[in-house]
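Please read the structure below before turning to the comments.
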Amino acid sequence: MSRHKVAGFKLKRPVDSRNALLRNLVTSVILQERIVTTVPKAKAAKPLVEKMITLAKTDTLHSRRQAAAFLFTPESVKKLFDSLGTRFGQRNGGYTRITRLGPRKGDGAEVAMLELVGSELVKRAADRAKRREERLKAQREGRDTEEETPEE
1421 MSRHKVAGFK LKRPVDSRNA LLRNLVTSVI LQERIVTTVP KAKAAKPLVE
1471 KMITLAKTDT LHSRRQAAAF LFTPESVKKL FDSLGTRFGQ RNGGYTRITR
1521 LGPRKGDGAE VAMLELVGSE LVKRAADRAK RREERLKAQR EGRDTEEETP
1571 EE
(Lines of atoms letter the chains of each structure in order from A and count residues from 1; the text may use other names and numbers.)
(Lines give C-alpha, C1' and ligand atoms only; values in the text may rest on other atoms or scores of the structure.)
Protein backbone atom coordinates (compact mmCIF):
# COMPACT_ATOMS: atom_id res chain seq x y z
CA MET A 1 0.00 0.00 0.00
CA SER A 2 1.42 3.40 -0.91
CA ARG A 3 0.93 6.91 0.43
CA HIS A 4 0.74 8.42 -3.06
CA LYS A 5 -2.13 10.87 -3.57
CA VAL A 6 -3.13 10.64 0.11
CA ALA A 7 -3.27 14.16 1.49
CA GLY A 8 -4.33 15.72 4.76
CA PHE A 9 -4.41 14.64 8.39
CA LYS A 10 -7.16 12.44 9.85
CA LEU A 11 -6.08 12.82 13.49
CA LYS A 12 -8.20 9.73 14.37
CA ARG A 13 -11.43 11.76 14.34
CA PRO A 14 -14.59 11.98 12.26
CA VAL A 15 -14.77 14.95 9.88
CA ASP A 16 -16.89 17.25 12.08
CA SER A 17 -14.74 16.70 15.18
CA ARG A 18 -11.57 17.18 13.16
CA ASN A 19 -12.81 20.45 11.64
CA ALA A 20 -13.89 21.76 15.05
CA LEU A 21 -10.52 20.79 16.56
CA LEU A 22 -8.57 22.57 13.82
CA ARG A 23 -10.76 25.68 14.00
CA ASN A 24 -10.23 25.76 17.77
CA LEU A 25 -6.45 25.44 17.36
CA VAL A 26 -6.34 28.23 14.76
CA THR A 27 -8.51 30.51 16.94
CA SER A 28 -6.22 29.84 19.92
CA VAL A 29 -3.04 30.54 17.94
CA ILE A 30 -4.46 33.86 16.76
CA LEU A 31 -5.57 34.93 20.25
CA GLN A 32 -2.57 33.68 22.28
CA GLU A 33 0.11 33.72 19.54
CA ARG A 34 1.45 30.33 20.69
CA ILE A 35 -0.03 26.99 21.63
CA VAL A 36 1.42 23.69 22.80
CA THR A 37 -0.11 20.64 21.13
CA THR A 38 0.92 17.35 19.52
CA VAL A 39 3.11 17.43 16.42
CA PRO A 40 0.46 16.09 13.96
CA LYS A 41 -2.12 18.62 15.21
CA ALA A 42 0.42 21.46 14.90
CA LYS A 43 1.29 20.35 11.35
CA ALA A 44 -2.40 20.15 10.44
CA ALA A 45 -3.21 23.59 11.90
CA LYS A 46 -0.18 25.43 10.48
CA PRO A 47 -1.45 25.88 6.88
CA LEU A 48 -4.84 27.04 8.19
CA VAL A 49 -3.23 29.69 10.41
CA GLU A 50 -1.13 30.85 7.44
CA LYS A 51 -4.26 31.09 5.30
CA MET A 52 -6.07 33.19 7.93
CA ILE A 53 -3.14 35.63 8.18
CA THR A 54 -2.97 35.88 4.39
CA LEU A 55 -6.70 36.72 4.42
CA ALA A 56 -6.06 39.41 7.03
CA LYS A 57 -3.52 41.17 4.81
CA THR A 58 -6.36 42.35 2.55
CA ASP A 59 -8.73 43.98 5.02
CA THR A 60 -12.00 43.91 3.10
CA LEU A 61 -15.50 43.12 4.31
CA HIS A 62 -15.42 39.92 2.28
CA SER A 63 -12.16 38.70 3.81
CA ARG A 64 -13.41 39.59 7.30
CA ARG A 65 -16.55 37.53 6.71
CA GLN A 66 -14.49 34.60 5.39
CA ALA A 67 -12.34 34.70 8.53
CA ALA A 68 -15.40 35.08 10.78
CA ALA A 69 -16.95 32.01 9.15
CA PHE A 70 -13.89 29.94 10.13
CA LEU A 71 -12.80 31.37 13.48
CA PHE A 72 -14.90 30.82 16.59
CA THR A 73 -14.70 34.18 18.39
CA PRO A 74 -15.25 37.77 17.23
CA GLU A 75 -12.20 38.85 19.32
CA SER A 76 -9.98 36.55 17.25
CA VAL A 77 -11.27 38.09 14.01
CA LYS A 78 -10.67 41.59 15.40
CA LYS A 79 -7.12 40.75 16.51
CA LEU A 80 -6.38 38.97 13.23
CA PHE A 81 -7.27 42.01 11.12
CA ASP A 82 -6.23 44.81 13.46
CA SER A 83 -2.82 43.65 14.65
CA LEU A 84 -1.67 40.49 12.82
CA GLY A 85 -2.63 41.62 9.31
CA THR A 86 -0.58 44.79 9.71
CA ARG A 87 2.30 43.01 11.49
CA PHE A 88 2.77 40.51 8.65
CA GLY A 89 1.84 42.94 5.85
CA GLN A 90 5.32 42.96 4.28
CA ARG A 91 6.01 39.24 4.78
CA ASN A 92 5.27 36.70 2.05
CA GLY A 93 4.24 33.60 3.98
CA GLY A 94 6.05 31.77 6.75
CA TYR A 95 4.08 33.40 9.56
CA THR A 96 4.26 30.40 11.90
CA ARG A 97 6.93 28.18 13.41
CA ILE A 98 6.69 24.66 14.85
CA THR A 99 9.17 23.87 17.63
CA ARG A 100 9.32 20.32 18.98
CA LEU A 101 9.34 20.12 22.78
CA GLY A 102 9.84 16.38 23.36
CA PRO A 103 7.52 13.74 24.84
CA ARG A 104 4.53 14.64 27.01
CA LYS A 105 4.68 13.36 30.58
CA GLY A 106 1.25 11.72 30.68
CA ASP A 107 1.17 9.60 27.54
CA GLY A 108 4.58 10.15 25.91
CA ALA A 109 3.07 11.86 22.86
CA GLU A 110 5.52 14.10 20.99
CA VAL A 111 4.58 17.69 21.79
CA ALA A 112 5.28 20.81 19.74
CA MET A 113 4.74 24.54 20.10
CA LEU A 114 3.01 26.29 17.21
CA GLU A 115 3.74 30.01 17.43
CA LEU A 116 3.55 33.09 15.29
CA VAL A 117 6.93 34.34 14.10
CA GLY A 118 7.85 37.55 15.89
CA SER A 119 5.65 36.86 18.90
CA GLU A 120 8.77 36.27 21.00
CA LEU A 121 9.86 39.84 20.17
CA VAL A 122 6.52 41.21 21.34
CA LYS A 123 6.70 39.05 24.48
CA ARG A 124 10.31 40.09 25.15
CA ALA A 125 9.43 43.77 24.80
CA ALA A 126 6.51 43.33 27.21
CA ASP A 127 8.77 41.51 29.70
CA ARG A 128 11.39 44.24 29.40
CA ALA A 129 8.78 46.94 30.03
CA LYS A 130 7.47 45.03 33.05
CA ARG A 131 10.99 44.62 34.48
CA ARG A 132 11.75 48.31 33.97
CA GLU A 133 8.49 49.23 35.71
CA GLU A 134 9.33 46.94 38.66
CA ARG A 135 12.85 48.39 38.90
CA LEU A 136 11.51 51.96 38.95
CA LYS A 137 8.93 50.96 41.55
CA ALA A 138 11.64 49.34 43.69
CA GLN A 139 13.81 52.45 43.39
CA ARG A 140 10.90 54.65 44.38
CA GLU A 141 10.15 52.43 47.37
CA GLY A 142 13.86 52.32 48.19
CA ARG A 143 14.00 56.11 48.21
CA ASP A 144 10.85 56.28 50.31
CA THR A 145 12.35 53.94 52.92
CA GLU A 146 15.67 55.86 52.88
CA GLU A 147 13.84 59.13 53.49
CA GLU A 148 11.85 57.61 56.36
CA THR A 149 14.84 56.10 58.22
CA PRO A 150 16.64 59.39 59.10
CA GLU A 151 13.44 60.77 60.61
CA GLU A 152 13.07 57.84 63.01
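Numbering (this note's numbering), first residue to last: 1421 to 1572. For every residue, glycine included, the Cβ atom is placed at its ideal position computed from N, Cα and C. The model shown is predicted, which means the values in this text are computed figures rather than measured ones.
Item to complete: Given a cut-off of 8 Å, decide if L1556 and R1416 are closer than it, judged by their beta-carbon atoms.
Response: For residue 1416 there is no data in the structure shown, the boundaries of the chain being 1421 and 1572.
Worksheet item: Terminal residues of the continuous alpha helix (DSSP H) containing M1472?
Response: The residue given as residue 1472 occupies position 52 in the sequence shown. From DSSP, the alpha helix (DSSP H) with M1472 extends over V1459 to K1477.
Practice prompt. Pull up the DSSP beta-bridge partners for A1532, would you.
Written response: In the sequence shown, counting from the first residue as 1, residue 1532 sits at position 112. T1457 and R1520.
Worksheet entry | Sub-8 Å separation of A1476 and L1445 beta-carbons | Numbered from 1 along the sequence shown, position 56 holds the residue referred to as residue 1476. Numbered from 1 along the sequence shown, position 25 holds the residue referred to as residue 1445. At least 8 Å separates the beta-carbon of A1476 from that of L1445.
Discussion item. Does the contact criterion of 3 or more C-beta pairs under 8 Å hold for the segment 1429 to 1438 versus the segment 1486 to 1502?
Written reply: no
Practice prompt. Output the distance between the C-alpha atoms of L1521 and F1429, rounded to the nearest integer angstrom.
Written response: For the purposes of this step, residue 1521 is identified with residue 101 of the sequence shown, where counting begins at 1. For the purposes of this step, residue 1429 is identified with residue 9 of the sequence shown, where counting begins at 1. Distance between the alpha carbons of L1521 and F1429 is about 21 Å.
Worksheet item: Which residues in the same chain as T1493 place their Cβ atom closer than 8 Å to its Cβ, once the five residues preceding and following it in sequence are excluded?
Response: Here the question's residue 1493 lines up with position 73 in the sequence shown. Taken in chain order, the residues that qualify are T1447 and L1451.
Worksheet item: Can you tell me where the alpha helix (DSSP H) with F1492 in it begins and where it stops?
Response: As a position in the sequence shown, residue 1492 is number 72, starting the count at 1. Taken as a continuous stretch (DSSP letters only), F1492 belongs to no alpha helix (DSSP H), as it is neither H nor E.
Worksheet item: What's the C-alpha gap between I1473 and L1431?
Response: Locating residue 1473 in the sequence shown gives position 53, where the first residue counts as 1. Locating residue 1431 in the sequence shown gives position 11, where the first residue counts as 1. Cα to Cα, the separation comes out at about 24 Å.
Item to complete: Measure from the alpha carbon of D1479 to the alpha carbon of each residue in P1460, A1462, A1464 and R1507, then state which is nearest.
Response: Along the sequence shown, one-based indexing puts residue 1479 at 59. Per the Cα distances, R1507.
Worksheet item: Going by the beta-carbon positions, is the gap between A1427 and L1442 smaller than 8 Å?
Response: What you label residue 1427 is simply residue 7 of the sequence shown in a count that begins at 1. What you label residue 1442 is simply residue 22 of the sequence shown in a count that begins at 1. The answer is no: Cβ separation not under 8 Å.
Worksheet item: Are the beta-carbon atoms of V1449 and E1530 separated by less than 8 Å?
Response: Indexing the sequence shown from 1 puts residue 1449 at position 29. Indexing the sequence shown from 1 puts residue 1530 at position 110. Cβ distance not < 8 Å, so V1449 and E1530 don't count as in contact.
Worksheet item: Which whole-angstrom value describes the C-beta separation of T1516 and A1532, a residue pair presumed to lie in contact below a C-beta threshold of 8 Å?
Response: In the sequence shown, the residue the question calls residue 1516 occupies position 96. In the sequence shown, the residue the question calls residue 1532 occupies position 112. The beta-carbon separation of T1516 and A1532, rounded to 11 Å, does not stay under the 8 Å limit for a contact.
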